[in-house]
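A.B. asks: Top line first, the protein sequences correspond to chains A and B.
Residue numbers for the first sequence follow this note's numbering, beginning at 707 and rising by one.
Residue numbers for the second sequence follow this note's numbering, beginning at 10 and rising by one.
All residues carry an ideal CB built from backbone N, CA and C; glycine is no exception.
Note that the coordinates shown come from a computational prediction; the quantities given were computed from them, not determined experimentally.
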Amino acid sequence: MADEASAVPSRPLLTPQRRVWGPWTIRIVSLAVVLLVWEILGRRLDPVFLASPSAIVVAAYNLLVTRGEIQAAVIESMSSMITGYGLAILFGILLGFAMGRWRTVELALDPYVTALYATPRVALIPLMILWFGIAFKLRVAVVFLSSVFPIIINTIAGVKNVDADLLETAQAFAATQGQTLRTVVFPSSLPFIFAGLRVGLAQGIIGVIVAEMTAAVSGLGALIMKYGNLFQTAQLFVPIVAIALISVALTWMIKLLERWLMPWRDLV
Amino acid sequence: MLQVSEIRKAFSHGDAVNEVIQGVSFGVADGEFISLIGPSGCGKTTLLKIIAGILPPSAGLVALDGRPSLVPSREKAFVFQHFNLFPWRNALDNAAYGLELDGIDAGTRRERARRMLATVGLAGFETYYPAQISGGMRQRVGLVRALLLQPRVLLLDEPFGALDALTREVLQGELLRLLEDARRVSVLFVTHSIDEAIYLSDRILVFAPRPTWIMREFAVTLRKPRYTYNWRRETVAMSLREEIWNLLREAAQHGG
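1. When burial is assigned at 16 or more other CB atoms within 10 Å of the CB, is Asn-27 of chain B buried or exposed?
2. Would you tell me roughly how many angstroms separate the C-alpha atoms of Ile-266 of chain B and Leu-815 of chain A, rounded to the nearest one?
3. Compare the C-alpha of Leu-903 of chain A against each of A:Ile-946, A:Phe-755 and A:Trp-958 and name the closest.
4. Looking only at C-alpha atoms, which of B:Leu-64, B:Lys-53 and B:Leu-79 sits nearest to Thr-221 of chain B?
5. With DSSP as the reference, label Ser-786 of chain A as helix, strand or coil.
6. Report yes or no: is there a C-beta of chain B within less than 8 Å of the C-beta of Leu-872 of chain A?
7. Could you pull the start and end residues of the alpha helix (DSSP H) that Phe-842 of chain A belongs to?
8. With a threshold of 8 Å between beta-carbons, can Thr-875 of chain A be considered close to chain B, or not?
9. Counting beta carbon pairs with one atom in the stretch 186-197 of chain B and one in the stretch 31-46 of chain B, are three or more of them shorter than 8 Å?
10. Give the straight-line distance between the Cα atoms of Phe-674 of chain A and Asp-752 of chain A, rounded to the nearest whole angstrom.
11. Are the stretch 916-926 of chain A and the stretch 878-888 of chain A touching, with three or more C-beta to C-beta distances below 8 Å?
12. I'd like to know if Leu-973 of chain A contacts chain B, where contact means its C-beta is closer than 8 Å to some C-beta of that chain.
13. Compare the C-beta of Ala-881 of chain A with all C-beta atoms of chain B and state if any pair is closer than 8 Å.
14. Would the stretch 18-26 of chain B and the stretch 942-960 of chain A be scored as touching if the rule is three or more Cβ pairs under 8 Å?
15. Does any residue of chain B bring its CB to less than 8 Å from the CB of Gln-941 of chain A?
16. Run down chain A in chain order and give the residues with a C-beta less than 9 Å from the C-beta of Asn-103 of chain B.
17. Along the beta strand (DSSP E) that carries Leu-70 of chain B, what are the first and last residues, could you check?
18. Leaving out the 5 sequence neighbours to the left and right, which residues in its chain are closer than 8 Å to Leu-101 of chain B when beta-carbon positions are compared?
19. Do you know offhand how far Pro-48 of chain B's Cα is from Asp-173 of chain B's?
20. Within a Cβ cutoff of 7 Å, which residues of the same chain sit near Pro-81 of chain B, ignoring the five residues on either side of it in sequence?
21. Whole angstroms is fine: what's the gap from Thr-4 of chain B's alpha carbon to Pro-168 of chain B's?
22. Can you name the start and end residues of the alpha helix (DSSP H) that Ile-253 of chain B belongs to?
23. At the 8 Å Cβ level, is Met-707 of chain A part of the contact set with chain B, yes or no?
24. Any chance you could list the beta strand (DSSP E) runs of at least 3 consecutive residues sitting entirely within the stretch 127-207 of chain B, in chain order?
25. DSSP three-state call for Ser-14 of chain B: helix, strand or coil?
26. Can you tell me where the alpha helix (DSSP H) with Asn-103 of chain B in it begins and where it stops?
27. Spell out whether any CB of chain B is found under 8 Å from the CB atom of Ala-824 of chain A.
28. So, is Met-707 of chain A buried or exposed, given that buried needs 16 or more other C-beta atoms within 10 angstroms?
29. Can you list, in chain order, the residues of its chain with a C-beta nearer than 6 Å to that of Met-931 of chain A? Leave out the 5 residues immediately preceding and following it.
30. Report the rounded CA-to-CA distance for Ile-788 of chain A versus Leu-163 of chain B, giving the unit in angstroms.
31. If Leu-214 of chain B sits next to Ile-223 of chain B, beta carbons under 8 Å apart, how far is it from one beta carbon to the other, in whole angstroms?
32. Which residues in chain B have a C-beta closer than 7 Å to the C-beta of Ala-878 of chain A? List them in chain order.
33. Report the three-state DSSP secondary structure of Pro-77 of chain B (helix, strand or coil).
34. With three or more beta-carbon pairs closer than 8 Å as the criterion, would you say the stretch 873-881 of chain A touches the stretch 101-117 of chain B?
35. Using a Cβ-Cβ cutoff of less than 6 Å, which residues in the same chain neighbour Val-848 of chain A once the five nearest sequence positions on both sides are dropped?
36. Checking contacts by CB at 8 Å: is Gly-130 of chain B closer than that to chain A?
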């Protein structure tokens, strides 16, 4: 197995090209070029149509330091995001396990899961405003509904995808139901669960922003609406960039968690 | 003492009934090594799984020391052809799996696993995942996982069938040495290899093609330990090999 790599004959045609630039150099140069073109375009066009990066930086400084508006919005959005996503993880994994493991539970719940997953969650926001108001509870509910279904569906897939030979192994070693779940079913479905967590996270971020844009009281989504309505394009870009950065950071954290929990994944 | 009595097994697919085992009985004394040999697909593995308690028989009984034993138990340890190690556990925790199910604390079970892994040359590989080690090393972990339980019965389903010829011979020797330290264990070893059966066994049961039954039983009288001399040269071994070979060939021509 380990010898396979060395057994491959060397083929000069496939050797990588001589690297003039490392990957990070390429990324940074690419970013610099894009920002430069954007800056030139931004300065030539109507500032309402497109703000230049330098104008956005100035706006960000004002919103961050002078007025502190962004911090407050980030805290608003993230607190509801984390609460809703956390609840979705808890319920999604538990429900996914139950549905994947017991046929009765699956038959009973599958129609709702499928129907709700297929329905655009945005369509439910007016109803949820009636139920939960327009503040924290609404955002938590929307995030929860946005991210719970991908987690449920992927967990079910993971639980059902357990290697029959490994289940038989646990059986041969006289593992109890609980031990089989803990030592075989759970670790084996972990890669699927994480796929669900990644999709759920992206959906949850969309959910919180859409909820804030609809209810438009607070949070990053509300800021976007506010500066959009005021035609302050440079300020409008600040929450957008903040959302992008937060999304990347959260995705990165999930990836790190995945590596840490499943070091064996890269080997298989 | 393991007693297998009148085991029958049939699988039904809709209306069709597919008979696999036609009434098999034998006993295995404590410390005895028995090989089950027969044409592929004859039902040896099915029989082994029934003895392990993974599959229920259609009729018959398995008893351990006179008590019925038809469900899995850690007194009966299983070694699989394709190793069946957990890819998310390293060698140490794979080896300690049975002890973990027994509720033995992490420190103790890992120490015991570490010690037995060292006896099969795996010192230093404790933290390696199955994907990082060779097939031979994986099956060493599989053997340790089974023997750490100090089972009464050791069930091996073509354990060296997926390995190359050289690794196979090394592992046969290691199995024999491991068993010397586990004297009371009764071993049932499913194999396709006549040589392997002769080298390892006290007795060899030759199975007929499906639906299977025991065609004949051979006692292997070669002196032990057999890894100390060239047993293949012994006339006993040569005539035994020929007899079993002829029996299997005849069965393949007439039966099935």
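C.D. replies: Put simply:
1. exposed
2. Examination of residue 266 of chain B is not possible in this model, given that chain B is present from 10 through 265 alone.
3. A:Trp-958
4. B:Lys-53
5. helix
6. yes
7. 842-866
8. yes
9. yes
10. Shown here, chain A extends from 707 to 974; a query on residue 674 of chain A therefore has no answer.
11. no
12. yes
13. yes
14. no
15. no
16. Near Asn-103 of chain B there are no residues of chain A at all, since even the closest Cβ is about 10 Å away, more than 9 Å.
17. 68-73
18. Arg-119, Ala-122, Arg-123, Leu-126, Glu-135 and Thr-136
19. 20 Å
20. Ala-61, Gly-62 and Ile-63
21. This structure cannot speak to residue 4 of chain B, because chain B is shown only from 10 to 265.
22. 244-263
23. Reliability fails at Met-707 of chain A, whose pLDDT of 41 lies under 50, so the model's placement of it is uncertain and no value is given.
24. 162-166 and 195-200
25. strand
26. 100-104
27. no
28. Caution is warranted here: a pLDDT of 41 is assigned to Met-707 of chain A, below 50, making its placement in the model unreliable, and the coordinate value is therefore given only provisionally. Result: exposed.
29. Met-919 and Ala-922
30. 51 Å
31. 5 Å
32. Ala-61, Ile-63, Pro-81 and Phe-87
33. strand
34. yes
35. Gly-913 and Ala-917
36. no
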